[in-house]
Amino acid sequence: MDSKYTEIKVGIFVIVGIAILTVITLFVGEYKFKVRKGYALDAEFKNVAGLDMNGPVRLAGVEVGSVTDIGLTTDGKKAKITMDIDPDVEIYRDAKVELKSYGALGEKFVMIYPGNPDTGRLESGETITDVIPEVDLNDVMRNVQEISDDIKDMSGNLSDVLGSDETKKDLKEIIANIKSSTENLSNITTKLNSGNGTIGKLINDDTIYNDVKTSTKALKDVADKMEKGEGTLGRLAHDETLYVEAENAMREFRKSAEGIQEQTPISVMATIFGLIF
Numbered sequence: 002m003d004s005k006y007t008e009i010k011v012g013i014f015v016i017v018g019i020a021i022l023t024v025i026t027l028f029v030g031e032y033k034f035k036v037r038k039g040y041a042l043d044a045e046f047k048n049v050a051g052l053d054m055n056g057p058v059r060l061a062g063v064e065v066g067s068v069t070d071i072g073l074t075t076d077g078k079k080a081k082i083t084m085d086i087d088p089d090v091e092i093y094r095d096a097k098v099e100l101k102s103y104g105a106l107g108e109k110f111v112m113i114y115p116g117n118p119d120t121g122r123l124e125s126g127e128t129i130t131d132v133i134p135e136v137d138l139n140d141v142m143r144n145v146q147e148i149s150d151d152i153k154d155m156s157g158n159l160s161d162v163l164g165s166d167e168t169k170k171d172l173k174e175i176i177a178n179i180k181s182s183t184e185n186l187s188n189i190t191t192k193l194n195s196g197n198g199t200i201g202k203l204i205n206d207d208t209i210y211n212d213v214k215t216s217t218k219a220l221k222d223v224a225d226k227m228e229k230g231e232g233t234l235g236r237l238a239h240d241e242t243l244y245v246e247a248e249n250a251m252r253e254f255r256k257s258a259e260g261i262q263e264q265t266p267i268s269v270m271a272t273i274f275g276l277i278f
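Be aware that the sequence shown starts at 2, since it is given in the working numbering, and climbs by one per residue.
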C-alpha cells in the first residue's frame, strides 16, 4: 500500500514538473496558443541571417504577425520569407518592409510600414516589393577601418610635411605676418574711429559731409534749372533760335573762308587792306 502511494506521489510530481517546464518553455519562446488565421504576405531580402522561423512581424512596434516560411527565390539569388499577418491589420500596396533587431546583437524581426490606404490593400499571397536595405555591421566596421587607415595616412603625411625645419620656419613667418597684419588693421580701425587721416575725417567730420551735401544740392539745382530752360546754359540747351543763329554764323564763316582760298595772294591782301582802310 505504501509502495503504491509513493509511486502515485512520484507520478504526480513528474507530471507537475513536466507541466511547469512546458509552461516555462512556451513563455520564454513567446508561443501563442491561438492559431493565427490571417493572410499571407511575402517579401524578398538580400540576406535574412539571424531571422528565425516564427520570428515576430511588427508594425509601429506592435506584433501583428509572424514569419511562417524562409527560403530562396526562384532564381536562388535572394531570400524569400512568408509572413502570416493578423486579419484586422491592413497592409497597402506602397508598404515598406525591413529587417531590424533588438539592439546591435539582439533577435531579428520584420518591421512593416503599412503605406497609404489610397493605393489599395494587399491581398493574401502578394509581395511587399519596397524593401529597405539593412545596414550590415560588417560593412560599417569595414568602412570605419578604411576611414581610420586614411586618417593614419593623412596624419603621417602631415607629420612629414610639418616635421622639417624649413616648414616650421615658414609657418612661424606666416603666423608673424598674420599677427602684423592684424595689428595694422587694428591701428587703422582705431584711427578711423578717432577721425584721423583723410578717410577718418570723411567718416567722422560732419562739416565735410555737410559741404558735400550742399555741393550735391547745388549741382541738382543747376541741373533742374537747365531742365527748365532757365539761365544761360538752360537757354542754350532749350532755345532752338540760338542754335539756328550759331549754325548760320558758322555757315557764313565757312563761305568767307572758301572765298578767301579762291583769291590770289594779291587779291587777299587787297581785300584785307580794303577791310582795314
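For each residue, glycine too, the CB sits at the ideal point set by N, CA and C. Fair warning: this is a prediction, and the values are worked out from it, not measured in the lab.
query	result
Taking 8 Å as the cut-off, does the segment 70–88 touch the segment 44–57 (at least 3 CB pairs, one atom from each stretch)?	yes
Expressed to the nearest angstrom, what Euclidean distance is found between the alpha-carbon atoms of Leu-100 and Ile-175?	55 Å
Relative to the C-alpha of Ala-61, which candidate in Leu-42, Lys-97 and Pro-88 has its C-alpha closest?	Lys-97
Quick one: is Tyr-103 buried, meaning 16 or more other Cβ sit within 10 Å of its Cβ, or exposed?	exposed
DSSP on Glu-174, reduced to helix/strand/coil?	helix
State yes or no: is the C-beta of Val-58 within less than 8 Å of the C-beta of Ile-113?	yes
Roughly how many whole angstroms lie between the Cα atoms of Thr-168 and Asp-151?	23 Å
Based on the DSSP output, what are the partners of Phe-110 in its beta bridges?	Lys-101
Assuming the contact rule is C-beta atoms closer than 8 Å, Ile-129 and Ala-41 should be a hit. Round their C-beta distance to whole Å, please.	About 11 Å separates the two Cβ atoms, so there is no contact after all.
Can you say whether Asp-85 is buried or exposed, counting buried as having 16 or more other CB atoms within 10 angstroms of its CB?	buried
Nearest to Glu-124 by CA position, among Thr-190, Lys-173 and Ile-92, is which residue?	Ile-92
Considering only residues of the same chain and omitting the five flanking positions on each side of Arg-94, which have a CB-CB separation below 7 Å?	Gly-116, Thr-120, Gly-121 and Leu-123
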